[in-house]
Structure formats: C-alpha cells, structure tokens
Amino acid sequence: MAATHVRHPVWLPALRPADARTFSSLYAVESFARATISSVIPIQAYEILHDEQIVSILYTIVALLGLSVTLFMPLLIRRFARRWVYTAGACLLAVGSMLFVTHTLAGQLAGMLCRVMGASALSITLNLYIMDHIRKTDFMQAESQRMAWSMFAWTGGPTLGIFLYTRFGIYAAHGAVVVFAMILLALFWTYRLGDNQSIRPGKTRPANPLANIGRFVAQPRLRLAWLIAFGRSCFWTTFFVYGPLFMVVTGEGKLAGGLLVSAGNALLFMAIFWGKAGKRFGGRRTMTFAFLAMSAMLLAAGAVGEAVPLLTGAFLLCGAFFTIALDALGSTAFMRSVRFYERAQMAAVYRTYLDFSELTPPLVYSVVLAFFGLGSVFATLGLLAAICGFVTWRYLPKSL
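In the numbering used here, the protein residues as written are 6 to 405.
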C-alpha cells in the first residue's frame, strides 16, 4: 500500500486558477526582458553601420526573416505544445543578448533575429492562454490591465539599458536581459499553464501557413483587427527605433534617446483610463479618436523636425499617449472575432502585424530618407495613422 501512495506537495492544489493578474505578471516580466535593450539595439546598430539609412535596411531584413517564423508558429505549437514554444521564446531572448555582445554586424543581425523570433513565440502563445482563461466580455479590462502592468518595464527598462550600456558596458546591458528571461521562465513554469486541446487545429482545418492566411483574409473583422494592430505597432516601431536615433543625430545624446522612450512608456499607466473610456464611449469611437489624434501629433512632429528636437520629442510623447489607447483596446477586436477552433492558426497570422510593422516602416523610411530629413519619418507615419482612423470609424462594429 505504501508503494502506491503518492504524497503530493501541499502547495500544488492551492495554486489559484490563471486570471488577468497571471498574464499581466508574465507580460510585465517579458516586457522587462525586451524593454531593457529596446533603445540600446538601434544605437548599437548605428555604431556598427554609421548610417541611419542602412540601419533601416537592417531592420527590414530582420523583420522579413522573422515573418516566416511567425507564420510557421502554429505548426511548432502543434508539434511541441505551447508550453515548450513559450519556453523556447524566453530562451531566444537570452540567446539574442549573448549574440549582441559580439558587437559585430553578424552578431547584431543574429541577435536581432533571435529577439524577433522569441517575441513572436511569446506573443502568440500568451494570446492563446489569455483566450483560454479570460471571458470575451472581460477582454477589454484584462488587456488594459496587462498594458498598465507593463508600464514599469517600458518606463524604466530603456533608460536602465542605456545607463548600463554607457556606464558599465555592453555585457551589463545585455546580461540584464538574460536575468529577466530566466525569471520569466521560472514564473511561467510556476503557474503551470496547460494546453487546451480545444484550440488545437482540427484535421479538417488547413495547417499550412498559406492556407491559414487565406482563412484570415476571408474574414473582414479579422482583417480590420489586423489593420488596427498594425497601425499602432508602426508607431511603437518608429518611436523605439527612430526616437533614440533622432536624438543622437540631432546632438541631444544617447541618454536623451533613452529618456524619450522611457517617458513615452511611462504613459502606459493610462491604459486603465483608456480601458474605462472604451467601456464608456465604445471601442469604435475611442480607437478612431486615438488614431486621428496620433496622426495630428505625428504630422506636427514631422513639421518641426530637426529644427527644434526637444519640441519634436514632445509631439512624439503626445502621440504615444494616444497610441496607448490602441494598445489597451485594439487586441479586443481580434479576440472577440476569432473562432475558438482556429485560434492557434489565426493568432499566428494576426501576429504578423508586428512583423510587418517592423518590416514596412524601415523599408518605406529608407526611401523617404533618401529625399528628406529625419523628420519626414514621423510625417509619413502620421498619414498612415489617419488612414487607419478612417477605416476604423467606417468598418468597426458599433457594438464592439
């Protein structure tokens, strides 16, 4: 009898079910792992290449390579299970930082690619876990809470990274990422999030990436959700890469670039406010207003440009304030529209908004920068934001 008796640890049954706080904490630690070097990477790339246009091309190459990984993510999840894909994503963030310390072009390229692949794995699997455990009616509140919790990471992380990089060197800045990635893994396995078999792709459903894209494109609400996410993600790509670069090129310095990014991310606590505004005025009105206000701020930043760098930075911060509304509310358009039996496939296609937002802007900006100054980057983005605002108002259901 004693041989068949298993004594389970007392704490296992006591662990509470996953809720909004579970995913907020995971996302907060993940954000620390990514935010710490978000301002260091473009500056490090500029130090290696000495040309902002070539830096744009480098980001374009990395995003293009990362896109293919994102599209094949459902196959990886089906083959290895979500928990292992999530684990691999955290490990890739750490491996990427180890490559960055080589301070070579090859190391920079490989490190950026590992970072993109890791972020893709973490984002897709976390979204699947959220849709498993959070009710559709609670998505807006849960997402705004998740964004608010990440404020600490995105506020202190970029400045911390720049401080470590300039004061203690490259190993200190990237070593911090390894530490945060290990903490993330420990936290994730402590929560013991299981794979829900109901969201795995059925045998009758297309498994190859091209078929999944066709299924996604055939659904208007998913297309709209993708555009909303793409528009706001383009802002953050531009803000994180060209904000610090703008400060360095205009002579304000590396620390000013880190402070700009941290100040913008400090506004993430307003996600709670935007979540309440979305419930009060409706997601359609709130997101449309946010896009149009963001567009106005970006056009103003482009008009001022390099003439008054600090004023341009102030306009970018105002744009960040309105973009946070889209961070808090935008993903609900996808989560409330996707069918439960194809969540894994559609989540992977939806996640390509991030890859395209890292691919398209640098590609477009590399052309624009050949004819105009660095301020033209922000004006170009302002035009995209205006288009996204119009489409959101025109096609997003009033009931959202």
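A virtual CB, placed ideally from N, CA and C, is assigned to each residue, including glycine.
Given residue i as reference, the closest of the options once Cα atoms are compared
i, options, result
"L190", "R88, N213, G248, G112", "R88"
"G258", "I392, F168, M152", "F168"
"F320", "Q146, F244, F85", "F244"
"G101", "V60, A25, A186, R84", "A186"
"L250", "G263, P402, L81", "G263"
"M302", "M275, F383, L98", "F383"
"D237", "I218, T293, I277", "Here residue 237 turns out to be Arg, not Asp, going by the sequence shown. Selected option, being the one with the closest Cα: T293."
"K281", "G380, L165, A330, T27", "A330"
"H138", "A33, L110, F345", "F345"
"I218", "S44, D24, I62, A353", "A353"
Host alpha helix (DSSP H) of residue i (start-end)
i, result
"S238", "225-254"
"G174", "Per DSSP, G174 belongs to no alpha helix (DSSP H) and is neither H nor E."
"G283", "276-286"
"L388", "381-400"
"G94", "87-105"
Contact set for residue i: own chain, Cβ-Cβ below 7 Å, skip 5 residues either direction
i, result
"W159", "S36, A40, N270, L273"
"G378", "G310, E311"
"G387", "S300, L303, L304, G307"
"R205", "Because the pLDDT of R205 is 47, which lies under 50, any placement of that residue in the model is unreliable, and the number read from its coordinates should be weighed accordingly. For R205, where only same-chain residues beyond five positions count, the Cβ hits under 7 Å are R83, A349."
Residue i to residue j span [Cα, whole Å]
i, j, result
"L227", "F173", "46 Å"
"S371", "G307", "16 Å"
"L54", "R285", "49 Å"
"A95", "G394", "34 Å"
"V266", "P163", "6 Å"
"L368", "L69", "10 Å"
"A295", "L389", "13 Å"
"M340", "M136", "7 Å"
"V183", "R197", "22 Å"
"M156", "A375", "35 Å"
"A181", "P47", "17 Å"
"Y247", "L118", "19 Å"
"Y355", "A333", "17 Å"
Neighbourhood of residue i by C-beta distance below 6 Å, restricted to the same chain and skipping five residues each side
i, result
"T385", "V373"
"V309", "L316, T317"
"G123", "G94, L97, L98"
CB contact check: residue i to chain D, cutoff 7 Å
i, result
"L401", "The structure shown contains no chain D, having only a single protein chain."
Residues of its chain near residue i, where Cβ-Cβ distance is below 8 Å and the 5 sequence neighbours each way are ignored
i, result
"Y32", "L131, R151, W154, S155"
Is the stretch 90-99 touching the stretch 120-135 in the sense that three or more CB pairs, one from each, lie closer than 8 Å? yes
Decide if the stretch 73-87 is in contact with the stretch 213-233; the criterion is three or more beta carbon pairs, one per stretch, under 8 Å apart. yes
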